[in-house]
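First up is the structure itself, then whatever we jot down about it.
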Amino acid sequence: MVRANDSLLGLPGGYLFAEVARRVRRYTSSHAARKVISLGIGDVTHPLVPAVVAAMHKAAEDMSRADTFHGYGPAGGYAFLREAICSHDYAARGMDIAPDEIFVSAGAKEDVSQFQSLFDRNCTVAVADPVYPVYVEANAMAGRAGLWNGSQWDRIVYLPCTAANGFMPEPPSVHVDLIYLCCPNNPTGTAMSRDALKEWVDYAHRTGAIILYDSAYEAFISDPAIPHSIFEIDGAREVAAEFRSFSKTAGFTGVRCAYTVVPRELSVTDENGNPFPLNQLWKRHQDACFNGCSYPAQRAAEAAYSASGSLQLRGVINGYLANAAMILDAFRSMGYTAVGGVNAPYVWVETPNKMPSWDFFDLMLDKTGVVCTPGAGFGLCGEGFIRLTAFGTHDETKEALARLAEL
Ligand code: MLT
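Residue numbers (the working numbering): 1 to 407.
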């Protein structure tokens, strides 16, 4: 018999959203008449906007004719999309990012879980607690997380995000090599100020660490003081890579298109201390492991930047932000302590009387048919919290809140 990857076997329990789905299935099997409303997984509900759909139709036409057909594309993405990204997401905000620093992919989850393979197995990793589980589990599968002690991995450095620090991770006192930061944050919905982010960039310069910056939710920032990209901070090009996605900003969770920015200045070393640009290593990795995001998906993503596309998408995002404001208000007026929801599509709510997250999840589902995500699934500091997503429809979100008010 072939031996399995011990590190994969060592992962505890099921993946968070798989466990949520399992409990929802169990509930629906005995409550067939009750309509379940999901404010759980952050999956979009608004259909693709017309400008994006038109671009997909056009791309399908291209694929139907021999002279405009596209087979394998470049692993790093077509130039038309990489140039649109540079110009709209970076140059328009005063940042100088070149097309060959952009790597288009099929998803930020895919990139953020694969990127760790560029680093030595002994590198130490820091994550916020609570944290998007993918960062931790990808490193655990690679054998970098150490042993699971029943609630945490012993080689991962957890950065507690609690009410005391405004749910913002603070630089650790021990040395770490890799730091995952997610801003605006999943799951707490909070966002770092420019000063807080600068502190992280300075920290990385001082200690030689690399920041893996997940800004999948940047389109939801409504406070002009919050940076949209880590590259708005001086010095970030030498210490950070950034992950972005069209999933939440253009409704692409089912289309799949995202990108990673790896600046030319960002380097690692071999065992003798010789530097290697990470940009070249990620290119090497993607050339070997990825055949590119589909042509129709990339044309659709390009259309998200057109004048009509960006206007239509602004409307969709504002709709989700209105849901977030409604969720935040509703929970606060019911007497709960809640944060987030202003610069992010997530609201982070403290359970009443420190009720364990999964108990509150079960209670909410059982009494109201509304699904949340238990904070404990994101880490120890998430215990006693739940996360609500604003990605539902307006009507369902309203109905969910009305049911919760009765609870
Ligand atoms: C979430 O609910 O945290 C996200 O939908 C998961 C993801 O983006 O992979």
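Idealized CB from N, CA, C, for every residue including glycine.
query, result
"Name the one or two DSSP bridge partners that G340 has.", "V347"
"Using only the alpha-carbon positions, how far apart do F220 and V316 sit?", "11 Å"
"Taking Cβ to Cβ, would you say Y203 is nearer than 8 Å to A241?", "no"
"Leaving out five residues on either side along the sequence, give the residues of the same chain with a beta carbon under 8 Å from the beta carbon of G10.", "A140, L147 and W148"
"Give me the residue from I97, H88 and D129 with the minimum Cα distance to A376.", "D129"
"Are there any heavy atoms of ligand 1 lying less than 7 Å away from the beta-carbon of Y467, as far as the coordinates show?", "Nothing in the structure corresponds to residue 467, since the chain is present only between 1 and 407."
"Can you tell me which of the three DSSP states A209 falls into?", "coil"
"Going straight from the alpha carbon of V342 to that of S193, what length do you get?", "13 Å"
"Do you know how far the Cα of V131 is from the Cα of Q286?", "26 Å"
"Would the beta-carbon of I37 be found less than 7 Å away from any heavy atom of ligand 2?", "Ligands in the displayed structure: ligand 1; ligand 2 is not one of them."
"For L39 versus L388, is the C-beta distance shorter than 8 Å?", "yes"
"What does the Cβ neighbour count give for T337, buried or exposed, with the cut at 16 atoms within 10 Å?", "exposed"
"Kindly give me the distance between the Cβ atoms of A304 and L311, rounded to whole angstroms, as I take these residues to be in contact under 8 Å.", "Rounded, the Cβ-Cβ distance is 11 Å, inconsistent with contact."
"Beta carbon of A59, beta carbon of R299: below 8 Å?", "yes"
"In whole angstroms, what is the alpha-carbon distance linking E116 and S333?", "Reading off the sequence, residue 116 comes out as Gln, not Glu. The alpha-carbon atoms of Q116 and S333 are separated by roughly 42 Å."
"Quick check on V104: buried or exposed, where buried means 16 or more other Cβ atoms within 10 Å of its Cβ?", "buried"
"Measuring alpha carbon to alpha carbon, tell me which residue in A21, F17, L16 and S30 is nearest K427.", "Coverage of the chain is limited to positions 1 through 407, which leaves residue 427 absent and any answer about it impossible."
"Can you list, in chain order, the residues of its chain whose CB lies under 8 Å from that of T253, leaving out five sequence neighbours each side?", "D43, V44 and S247"
"Looking only at DSSP bridge pairs, what is C135 linked to?", "The amino acid occupying residue 135 in the given sequence is Tyr; Cys does not appear at that position. Note: Y135 sits in no beta bridge, so no partner."
"Could you check whether the region 393 to 406 touches the region 65 to 77, counting it as contact only if at least three pairs of C-beta atoms, one from each stretch, sit closer than 8 Å?", "no"
"Taking 7 Å as the line, does the beta carbon of G42 fall inside it for any heavy atom of ligand 1?", "yes"
"For D223, which residues of its own chain have a beta-carbon under 8 Å away from its beta-carbon, when the five flanking residues on both sides are left out?", "A191, V342 and N343"
"How far does the beta strand (DSSP E) with F103 in it extend, from its first residue to its last?", "I102 to S105"
"For Y132, verify whether its CB is less than 7 Å away from any heavy atom of ligand 1.", "yes"
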